[in-house]
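Presented below is the structure to which this report refers.
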Amino acid sequence: MADTAGSSAAEQSTTPKLFVRQSSGLVRNVSVTNALFFNVAAFVGVGLTLYPAFYSLADVANWKIGPFSDYGWAAIITGLFCVLLALIFSSLTSVMPRSGGDYVFTSRIIHPFLGWMESWTLVIASVLIIAFEVPLVLRNLQITAKIIHIGAGGFGGANGWFTDATGAITGMPGFIACMVVLIGIGVICLLPTRSFHRVVTVLAGFGVACFIAMFVFGLLFTHKASFNANLPKLDGGITAAQLEAAGKTGGFIATDHRGFFSRIFETGAFPLVLSVLLFQYIGFQYSAYIAGEVRGNVRRGILIALLGALTIGVLANSVYTDVISSHFGFGQNVTWGANYWGFGTKPGLPLGQPDSMPLMAAIANHGLWPLWALISLGGTVFPFLLCPVYINFLSRMQLAWSLDRQVPEWFGQVNERMRAPLNAILATLGLTALFLFFQSFKDLPTFLATSDHKLNLVSTAFFSIAMALLSWVLPGVNAILVKFRRPDLVRNAPFKRALPWLGLGWIIFPVWIYIFAVIKPIVNGLKGGSALQYLEGQGLIDAMLFYVLGLVIYLVMKYRSRSAGVDAKMLFTELPPD
Amino acid sequence: MATRIYIASDLHAAEKAWRKFINAIKAGVYKADVALLAGDLTGKAIVPILERGGAHEAEVLGVHRRARDEQELAQLHRDIADLGYYSFVTTDAEAETLSGDEHAREQLLERLMTTRVHEWMALATERLDGSNTPLYLIPGNDDEFTIDAALNQPGYGPINGDGKVLDIPGEMQLLSSGWSNHTPWATPREETEEQLFARLDALAQQVRDPRRAIFMIHVPPHDSGLDEAPLLDENLRPTISAGDVLRGPVGSTAVRQIIEKYQPVLSVHGHIHESGGERRIGDTLAINPGSEANHGILRGYLVDIGRKGVELAQRVEG
């Protein structure tokens, strides 16, 4: 039987260049539009309303040259390099099965151990992203209430929802609220297939509508002058000018006058901004997996689906973000974000919230508060939506591990009632809960969290970035090596001749970032401390622990499999066709 | 000493996968005692290779290919065959005519299918000559009845077990059937669940001891996790929501009933390419190796069966 399609599809597919059998169809049968939608949904999420706050996540001096901020330029540059990655993925997915994604490619092309480590670290990185998103769901709820408060009154205590005495979503209130969100995510994950997709579709549609509404109505119906005038009335006197001035004195806004290329190729601050963009783009790996199913002209279909989605992702992180933040004031946005992440304190955190786009719009135009509240609710929905979609992806990879005996068989077993790999889903939720616990309580030993004995959102983000190292680098290695390691598999691959060059071109980018945004700060930190010690001290050591844990699991499972008579070598033995 | 069974399925005319399968048996890569192929041998599409100006041209997966000499033409034929497609040399005019003539296309397809099955059987016979590992295979629901003559032709090494209960090494028996429940495509070998149950039940009654029997039935048991396939809309297109393909169980309730009733030590299936894996149904280990044959990858399973039942199940691919 065919995987998909039928006689009518066969009839439509038959051309003088390909005669398709009537009784069954072809494997590739996902339309380009569907693939494009899938790709967009997979990696445009958390920033819907909060992108301007991400300017400051790298804790470096931000700048703006031409129409774009350093964040916007980083989004464009990352996007350009990701074109190479998209071409690599589309080529490999065209000739190799997609279920299991990177795990499958690397296992076959390089070695099963690296395949395991790459996918293990990607799973951890993704779980960390979920742990990053869950508090943002709660934060967006607070912001939505705050917008209603500004427009119609009420909800005066919204800033205290889910927070401890410091105003952060942490401690027992934060943890309980995060658990409630996580349970909601778990319930969606375990919905029957049709219901799951219905929920995800409705929420995604709502999110996208809010995305568009923010851009159009945010620019049409708000003005910087009214924003500047209203801000101090609502936040106890803090003005946009004060924020910008504090950003310059606090080092959050660049005050030197270096040129564009000097900034782009410097090895200090900009690689850190690029690393934040890699963090933002991490869903891109997942979205490429479906490329192998695109019907029709494979090369053209994949290019449209992947590159179209990438274009949307780049536009969202550059044009959308920079136009709106510039509309309200780039400088004040940078400092506001830095104060939210905890890097600065002066002149305070306006309204006790991050610089959410609909919140700024509500400050500028109170009258349209229902619209801004609705958009903010969309911002709440998107990070919530992303989590079950990620978990769904991860469970597929975990199923592939289970079949390859990389984890015990029970791990990937499909539950009779749920028709889903329940154990894998529960393990993902459990690990997320663990990270949320360490974000909420000061229970980490000093060597893991030097300053506060717990993870915060910043350290969670950089922990995730460190965990994603192999996921970004190995696709390039695969592209370089596949021609030599598995020439039989890529003989008919699109871009076959270009693959090694695509791999080489791509690999320069993540290696550059990891050298200068991860390794160099560690070296500097070890030499006696630096401004980035905070980042290294928390996320990176955690990451190393999980790398070691991955190695231990691999060795234990290898021993266990050998004891049970499973010959792991046979698993990937290449069979000669001739 | 356990008997090792090597299982693959749904090669769908993919030349490279077939050659890998035969070579794996011949070279003893998996040290198998018995090899099983659980149906669907034939392919789904024909790529016309067009004679143009002294060269030959074709479009393969959206990539334009041009063969300038006989060697390149042979390679083009082979590349198309590796994907599980059939090819034939023609002219633009003939290809245009054929694209509008369903009957002529079907005749051509049947001829190409039968030819390839003959070639496969001949290759297996030649390469497995002297091998101690017998190969049992069945057609699947996608396979036209015209290939049965090739499968049953005396002199060929592979044994067509369809509709039979055969004694196999390891003092075991093999029940085989390539039929399936109804699909949306009205494939050649499909029938109602009641008819399929009756067919399988009649065969199962010939089995001496189900605990020493393998049931090789092309379609997997319903709702077993080995039968998750895309759900189709009214136009037989996959139902897609939020960019993802909706999936649901499409296996046979009759097969599930037969397995639950007789509890063979092992049941072997295919049919749903993307739903490979293993599953326990009572005391039976049910396996669908899945298929990526069109990608040139041969998916398989190794199962060791000892006196007390299944001792090992391991997924392999090459």
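Quick mapping for you: the protein sequence lines, in order, are chains Y and S. So the first sequence is numbered by the numbering used here: it starts at 635 and just counts up by one. So the second sequence is numbered by the numbering used here: it starts at 54 and just counts up by one. Backbone N, C-alpha and C fix where the C-beta goes; we use that ideal spot for every residue, glycine too. Nothing here was measured: the structure is a model prediction, and the numbers come from that model.
Residue nearest to S/Ala70 in terms of C-alpha spacing, selected from S/Val113, S/Ala177, S/Ala111, S/Val272: In the second sequence, the residue the question calls residue 70 of chain S occupies position 17. Closest by alpha carbon: S/Ala177.
Residue-level contact to chain S via CB, Y/Pro866, 7 Å cutoff: The residue labelled residue 866 of chain Y in the question sits at position 232 within the first sequence. No, because no Cβ of chain S sits closer than 7 Å to the Cβ of Y/Pro866.
Limits of the beta strand (DSSP E) - the one that S/Ser320 falls within: For the purposes of this step, residue 320 of chain S is taken as residue 267 along the second sequence, with counting starting at 1. Run containing S/Ser320: 319–321, per the beta strand (DSSP E) assignment.
Beta-carbon contacts of Y/Val907 that lie in its chain and below 7 Å, excluding the five residues immediately before and after: Within the first sequence, residue 907 of chain Y is the residue found at index 273, counting from 1. The answer, listed in chain order, is Ala692, Val694, Asp704, Tyr705, Ala708.
Coarse secondary structure for S/Thr337, derived from DSSP in three states: Numbered from 1 along the second sequence, position 284 holds the residue referred to as residue 337 of chain S. Reduced to three states, the DSSP call for S/Thr337 is strand.
Within chain Y, partners of S/Ile99 - CB distance below 7 Å: Mapped onto the second sequence, residue 99 of chain S falls at position 46. By Cβ distance, chain Y contributes Phe653.
Closer than 7 Å to chain S by CB, Y/Ser658: To locate residue 658 of chain Y, count along the first sequence from 1; it is residue 24. Interpretation of Y/Ser658 is limited by its pLDDT of 46, a score under 50 that renders its predicted location unreliable; the figure taken from the coordinates is listed afterwards. Taking Cβ atoms only, chain S reaches closer than 7 Å to Y/Ser658, which makes this a yes.
Cβ neighbour criterion (16 or more within 10 Å) applied to Y/Leu954: The residue labelled residue 954 of chain Y in the question sits at position 320 within the first sequence. Just to set this straight, residue 954 of chain Y is Tyr in the shown sequence, not Leu. The residue is buried, with at least 16 neighbouring Cβ atoms inside 10 Å.
Distance, Y/Gln966 Cα to Y/Ala875 Cα: The sequence position of residue 875 of chain Y within the first sequence is 241, counting from 1. The sequence position of residue 966 of chain Y within the first sequence is 332, counting from 1. Rounded to the nearest angstrom, the two C-alpha atoms are 7 Å apart.
Own chain partners of Y/Ile743 with C-beta closer than 7 Å, once the 5 adjacent residues on each side are dropped: Position 109 of the first sequence, counting from 1, holds the residue named residue 743 of chain Y. Same-chain partners within the cutoff: Asn1112, Leu1115, Val1116, Arg1119, Arg1120.
Contact list for the segment 1198–1209 of chain Y against chain B, Cβ threshold 8 Å: Although the question refers to chain B, the structure presented lacks it and instead comprises the protein chains Y and S.
Any C-beta of chain S under 7 Å from that of Y/Asn1126: To locate residue 1126 of chain Y, count along the first sequence from 1; it is residue 492. It does: the Cβ of Y/Asn1126 has a partner Cβ on chain S nearer than 7 Å.
Uninterrupted beta strand (DSSP E) stretches inside the segment 980–1032 of chain Y (no shorter than 3 residues): none
Nearest-angstrom Cβ-Cβ length linking S/Ile102 and S/Val142, presumed shorter than 8 Å: On the second sequence, residue 102 of chain S is found 49 positions in, with the first residue counted as 1. On the second sequence, residue 142 of chain S is found 89 positions in, with the first residue counted as 1. Their Cβ separation, rounded to whole angstroms, is 5 Å, which keeps S/Ile102 and S/Val142 in contact under 8 Å.
Reference Y/Ala903, options Y/Ile887, Y/Gly917, Y/Phe913, closest by Cα: What you label residue 903 of chain Y is simply residue 269 of the first sequence in a count that begins at 1. Checked all of Y/Ile887, Y/Gly917, Y/Phe913; the closest Cα to Y/Ala903 is Y/Ile887.
Beta carbon of S/Ala88 nearer than 7 Å to that of S/Thr245: The count along the second sequence starts at 1 and reaches residue 88 of chain S at position 35. The count along the second sequence starts at 1 and reaches residue 245 of chain S at position 192. Their beta carbons are not under 7 Å apart, which means S/Ala88 does not touch S/Thr245 by this criterion.
Cβ contact check for the segment 204–222 of chain S and the segment 102–115 of chain S: 3 or more pairs under 8 Å: no
C-beta contact flag for S/Ala282 and S/Val303 at 7 Å: Reading the second sequence from its first residue, position 229 is the one you call residue 282 of chain S. Reading the second sequence from its first residue, position 250 is the one you call residue 303 of chain S. Result yes, Cβ atoms of S/Ala282 and S/Val303 sit closer than 7 Å.
Limits of the unbroken beta strand (DSSP E) element including S/Ala146: Here residue 146 of chain S is taken as the residue at index 93 of the second sequence, counted from 1. Premise fails: S/Ala146 lies in the alpha helix (DSSP H), 145–152, not in any beta strand (DSSP E).
Y/Asn663 (DSSP reduced to helix, strand or coil): By 1-based counting over the first sequence, the position of residue 663 of chain Y is 29. For Y/Asn663, the predicted structure reports a pLDDT of 47, less than 50, and the residue's modelled location is therefore unreliable. The matter cannot be settled from this model.
DSSP state of Y/Lys1130 mapped onto helix, strand, coil: The residue you call residue 1130 of chain Y lines up with position 496 of the first sequence. Coil, per DSSP.
Opening and closing residue of the beta strand (DSSP E) in which S/Asp220 lies: By one-based count along the second sequence, residue 220 of chain S stands at place 167. Residues 217–221.
Beta carbon proximity, Y/Leu1037 to chain S, threshold 7 Å: Translated into positions along the first sequence, residue 1037 of chain Y becomes position 403. Judged by the 7 Å Cβ criterion, Y/Leu1037 is in contact with chain S.
Contact the segment 264–275 of chain S vs the segment 317–328 of chain S: 3+ CB pairs below 8 Å: yes
Cβ separation of Y/Thr1014 and Y/Ile764, assumed to be a contact under 8 Å, to the nearest whole Å: As a first step, residue 1014 of chain Y is located in the first sequence; it is residue number 380 there, counting from the start. As a first step, residue 764 of chain Y is located in the first sequence; it is residue number 130 there, counting from the start. 15 Å between Cβ atoms; not a contact.
Touching by the beta-carbon criterion (3+ pairs, under 8 Å), the segment 221–230 of chain S and the segment 245–256 of chain S: yes
Residues near S/Met174 in its chain [Cβ-Cβ closer than 8 Å; skip 5 each side]: Position 121 of the second sequence, counting from 1, holds the residue named residue 174 of chain S. Contacts found: Ala203, Leu204, Gln206, Tyr209, Gly210, Pro211.
Chain S contact for Y/Pro1211 (CB, 7 Å cutoff): Mapped onto the first sequence, residue 1211 of chain Y falls at position 577. Chain S contact via Cβ: present.
Residue nearest to Y/Thr804 in terms of C-alpha spacing, selected from Y/Glu900, Y/Phe766, Y/Ala786: By 1-based counting over the first sequence, the position of residue 804 of chain Y is 170. Here the closest residue by C-alpha is Y/Phe766.
Reduced DSSP secondary structure (H/G/I, E/B, other) of Y/Thr883: As a first step, residue 883 of chain Y must be located in the first sequence, where it is residue number 249. Of the three classes helix, strand and coil, the one that applies to Y/Thr883 here is helix, per DSSP.
Heavy atom of the ligand SAH within 6 Å of S/Arg72 beta-carbon: In the structure shown, the ligand SAH is absent, as is every other ligand, since no ligand is present at all.
C-beta contact flag for S/Ser328 and S/Asp276 at 7 Å: Position 275 of the second sequence, counted from the start, is the residue given in the question as residue 328 of chain S. Position 223 of the second sequence, counted from the start, is the residue given in the question as residue 276 of chain S. Against a cut-off of 7 Å, the Cβ pair of S/Asp276 and S/Ser328 comes out as no contact.
Opening and closing residue of the beta strand (DSSP E) in which S/Leu89 lies: The sequence position of residue 89 of chain S within the second sequence is 36, counting from 1. Residues 87–90.
Alpha-carbon to alpha-carbon, Y/Gly801 and Y/Phe739: Mapped onto the first sequence, residue 739 of chain Y falls at position 105. Mapped onto the first sequence, residue 801 of chain Y falls at position 167. Approximately 45 Å between the Cα atoms of the pair.
Separation of Y/Pro1055 from S/Lys361, as counted between CA atoms: Here the question's residue 361 of chain S lines up with position 308 in the second sequence. Here the question's residue 1055 of chain Y lines up with position 421 in the first sequence. So the two alpha carbons sit approximately 29 Å from each other.
Within chain S, partners of Y/Val729 - CB distance below 7 Å: Within the first sequence, numbered from 1, the residue matching residue 729 of chain Y stands at position 95. Chain S residues near Y/Val729: His348.
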